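>
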Amino acid sequence: MRFDLVDLQLFIAVADQRSITRGAERSHLALASASARIKGLEDALGVALLKRGRRGVELTVAGESLLDHARVVIHQVEALQGDLAAYASGVRASVLLLANTSGLSEHLPRALATFLRGHPDINVDVEERESADIATAIASGAADLGFAAEHALPDSIERFLFSEDRLTLVAARRSEFGSRRQIDFQEVTDCDFVGLTASTALQVHISRHAAKLGARLRVRARLRDFDAICQMVAADVGLAVVPETAAKRCARSMPIVAIRIRDGWANRRLTICARSFKALPRPARQLVDHLRAEVQR
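Residue numbers (my numbering): 63 to 359.
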């Protein structure tokens, strides 16, 4: 059975747009040509891929399966083209790594720095995402490699533990919480907070759990890094939730205390994950091997 990459790209566009017309436009094909290509796919496979209706199309079960495989195939082809083009032009190969906020700011920088020093022919592009979004991207084949909280990953995704990441409440020493060592998050949802920018993956994670408690956090200031947040907390502007590593580092030079959050969502296992480590492109496999070695040190 032979597949045309144009057909697969068209099918992805139609599935994303839920419309053959809009999918054809996105693929820069005439509607008649797009319809014929989709029909040709269905005839070749011997199954219906789409349920056609007045308001557009819906995927059949077979269509959902084809979509998953098509995304993987197109992603791999794009990766192949990118790597070979990079080598042909003398530019380095590139690895895309999706990482949550904690990984990006606290856990990955040193390991990535040593990898890049040892592999001058490889670049690493790190994009910040929420762990659940990383899981979706890895499972669908939209990304090769992720750094995410284990609880967000389905069983089908391969992973290995990179580090533990407990989220901690920080408060000014002179505040009413200055003498506390543990706390339930419910106790502080009515307090003022200092947080990350609203679109940051970790801030989304914290806000979601506050919402489950029926609360909307009152964030007085939003900053882009944990050191700046802890400086605001030290000035008694509000409380903050930060990774324990950042809290301990800042507590050495700032008048703040780190308070353990007893809620289960605050204790996270951070993992390196992939749909299949063996199927990764060679530069990504090299990065995985390096990160495994870092864990064992």
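Positions of the beta carbon are idealized from the N, C-alpha and C atoms, including for glycine.
Since the structure is predicted, the reported quantities are computational estimates derived from the model, not experimental observations.
Counting C-beta neighbours from all protein chains within 10 Å, is the total for S193 16 or more, i.e. buried, or is it exposed?
In this structure S193 is buried. Its beta-carbon is surrounded by 16 or more other beta-carbon atoms within 10 angstroms.
> How should V68 be labelled, buried or exposed, when 16 other C-beta atoms within 10 angstroms of its C-beta is the threshold for buried?
exposed
> In or out: A210 buried (at least 16 other Cβ within 10 Å) or exposed?
buried
> Thinking P216 and A204 are a contact (beta carbons under 8 Å), I'd like their distance in whole angstroms, please.
That pair is no contact at about 15 Å.
> Short of 8 Å in beta carbon distance, which residues of its chain neighbour V109, apart from the five on each side in sequence? Order them along the chain.
T122 and A124
> Go ahead and label A346 buried or exposed: buried means 16 or more other beta carbons lie within 10 angstroms of its beta carbon, across all protein chains shown.
Its Cβ being crowded by 16 or more others within 10 Å, A346 is buried.
> Among the residues of its own chain, which have a CB less than 7 Å from the CB of G152, if the five just before and after it don't count?
Since pLDDT at G152 reaches only 48, below the 50 mark, its modelled position is unreliable, and the value read off the structure follows with that caveat. Hits under 7 Å: none found.
> For Q248, does the count of other Cβ atoms within 10 angstroms reach 16, so buried, or fall short, so exposed?
By the 10 Å Cβ count, Q248 comes out exposed.
> What's the C-alpha gap between V250 and A155?
47 Å
> Enumerate, from N- to C-terminal direction, the unbroken alpha helix (DSSP H) stretches of 4 or more residues contained entirely within the region 86-162.
93-107 and 123-150
> Could you tell me the distance, in whole angstroms, from the CA atom of L277 to the CA atom of H271?
Rather than Leu, the amino acid found at residue 277 in this sequence is Ala. Rounded to the nearest angstrom, the two C-alpha atoms are 9 Å apart.
> Is the separation between the beta-carbon of I318 and that of C312 shorter than 8 Å?
yes
> Quick check: the Cα distance between I200 and E238, rounded to an integer number of angstroms?
Answer to the nearest angstrom: the Cα atoms are 43 Å apart.
> If you follow the alpha helix (DSSP H) that T230 is in, where does it begin and where does it stop?
Careful: T230 lies outside any alpha helix (DSSP H), inside the beta strand (DSSP E) at E220 to A234.
> Taking 6 Å as the limit between beta carbons, can you name the residues of its chain near H352, skipping five residues before and five after?
Closer than 6 Å at Cβ, skipping near neighbours: F177.
> Between the beta-carbon of L264 and the beta-carbon of T333, is there less than 8 Å?
no
> So is V357 buried or exposed if we call it buried at 16+ other beta carbons inside 10 Å?
exposed
> Check R80 in the structure and name its three-state DSSP category.
coil
> If you check the beta carbons only, do R286 and T307 fall under 8 Å apart?
no
> Keeping to the same chain, check which residues put their C-beta closer than 6 Å to that of G257; ignore five residues upstream and five downstream.
Q265, V281 and R284
> Can you name the start and end residues of the beta strand (DSSP E) that L207 belongs to?
According to the DSSP assignment, L207 belongs to the beta strand (DSSP E) that extends over L207 to A211.
> Where does H90 land, buried or exposed, given buried means 16+ other C-beta within 10 angstroms?
exposed
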